[in-house]
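**Student:** Sharing a structure below in C-alpha cells format, with a few things to ask.
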Amino acid sequence: DRIIGLEMGADDYLRKALDPRELLARIKAVMRRMGSVPEAGRQELPQQLNFLGWTLRPASRELTDPQQTLVPLSTAEFTLLMAFVTRPGRVLSRDQLLDLARGREARAFDRAIDTLVSRLRRKLRDQPRNPQIIKTVRGGGYLFAAKVENNNASLA
Numbered sequence: 001d002r003i004i005g006l007e008m009g010a011d012d013y014l015r016k017a018l019d020p021r022e023l024l025a026r027i028k029a030v031m032r033r034m035g036s037v038p039e040a041g042r043q044e045l046p047q048q049l050n051f052l053g054w055t056l057r058p059a060s061r062e063l064t065d066p067q068q069t070l071v072p073l074s075t076a077e078f079t080l081l082m083a084f085v086t087r088p089g090r091v092l093s094r095d096q097l098l099d100l101a102r103g104r105e106a107r108a109f110d111r112a113i114d115t116l117v118s119r120l121r122r123k124l125r126d127q128p129r130n131p132q133i134i135k136t137v138r139g140g141g142y143l144f145a146a147k148v149e150n151n152n153a154s155l156a
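Residue numbers (UniProt numbering): 1 to 156.
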C-alpha cells in the first residue's frame, strides 16, 4: 500500500502509531517545500529594501549603512535579515526564524538564532539594552520594528 501510494503521487506515508512531534516535523517540511515553489503571480524580490537609512540589495546581497558604507554579512546573517525585512512588524518565533534562516527545526535549548540576532544587531548598530530595529518579544520571539520601504512600496 505504501509503495502504491507513493507511486500515485503521495509525498509521504505515515503509520497509525505516529509521534505528534514527527507529524509536526513532516508537516513543516512539506510546507517548506511548498513555500519554495514559485506561485503564479508571485512577486520577485525588490531590487532594494530601505529601513532607517540602511539599504539592503537582495540580488547582490549587499547591506549599506546610512553613510553608504558597505557592511559585510555572512550568509546566515543575510538570510536572517531578509526574513526580518520581508516580514516587518510581525513577531517571528525562534522556530520560525530558524526554519527561515537555516532551514531546520529547532532543538531543545537551541540558541543559534539568539546568537545570530545578536550578531546582526551589532552590525546594524542596534543598542543591545534598548534595541530599536530588532526587538525581543518576551515569550514570542523577535520583531523587526523598523519601517521597510521597497521601491516606493511600504512593507510596514
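Even glycine gets a Cβ: it sits at the ideal position worked out from N, Cα and C. Keep in mind that this is a model prediction, so the values were computed, not measured.
Buried or exposed for residue 46, please, with buried defined as at least 16 other CB atoms from any protein chain shown within 10 angstroms of its CB.
**Tutor:** Per the 10 Å Cβ criterion, buried.
**Student:** Apart from the five residues just before and just after residue 12, which ones in its own chain have a Cβ nearer than 7 angstroms to its Cβ?
**Tutor:** Within the same chain, residue 12 has close Cβ partners 26.
**Student:** Where residue 127 and residue 115 are concerned, what is the direct C-alpha to C-alpha distance, given to the nearest angstrom?
**Tutor:** Taking the straight line joining both Cα atoms gives about 15 angstroms.
**Student:** For residue 1, count neighbouring Cβ atoms within 10 angstroms of its own Cβ and tell me buried if that reaches 16, exposed if not.
**Tutor:** With fewer than 16 other Cβ atoms within 10 Å, it is exposed.
**Student:** Give me the Cβ distance between residue 124 and residue 112, rounded to the nearest whole Å; I'm assuming they're in contact under 8 angstroms.
**Tutor:** Not confirmed; about 19 angstroms, so no contact.
**Student:** Below 8 angstroms, can you find three or more Cβ-Cβ pairs linking the region 61 to 69 to the region 83 to 93?
**Tutor:** Touching, no, given that fewer than three Cβ pairs across the two stretches are closer than 8 angstroms.
**Student:** From this set, 94, 133, 3 and 7, which residue's C-alpha is nearest residue 54's C-alpha?
**Tutor:** Looking at the Cα atoms, 133 is the closest of the given residues.
**Student:** Is residue 71 close to the ligand MG? I mean its beta-carbon at under 8 angstroms from any heavy atom of the ligand.
**Tutor:** Ligands displayed in this structure: none; no statement on the ligand MG is therefore possible.
**Student:** Quick one: grab the DSSP three-state call for residue 123.
**Tutor:** In this structure, residue 123 counts as helix in the three-state DSSP scheme.
**Student:** Look at the alpha carbon of residue 143 and the alpha carbon of residue 58, and state the distance between them as a whole number of angstroms.
**Tutor:** So the two alpha carbons sit approximately 20 angstroms from each other.
**Student:** Have a look at the DSSP bridge pairing and note the partners of residue 57.
**Tutor:** Per DSSP, 62.
**Student:** Quick check on residue 130: buried or exposed, where buried means 16 or more other Cβ atoms within 10 Å of its Cβ?
**Tutor:** By the 10 Å Cβ count, residue 130 comes out exposed.
**Student:** Mind reading off the beta-carbon distance from residue 93 to residue 140? Whole number of angstroms is fine, and I expect it under 8 angstroms.
**Tutor:** Contact flag correct, Cβ pair sits at about 7 angstroms.
**Student:** Using the Cα positions of residue 36 and residue 96, report the straight-line distance between them to the nearest angstrom.
**Tutor:** Interpretation of residue 36 is limited by its pLDDT of 48, a score under 50 that renders its predicted location unreliable; the figure taken from the coordinates is listed afterwards. Cα to Cα, the separation comes out at about 15 angstroms.
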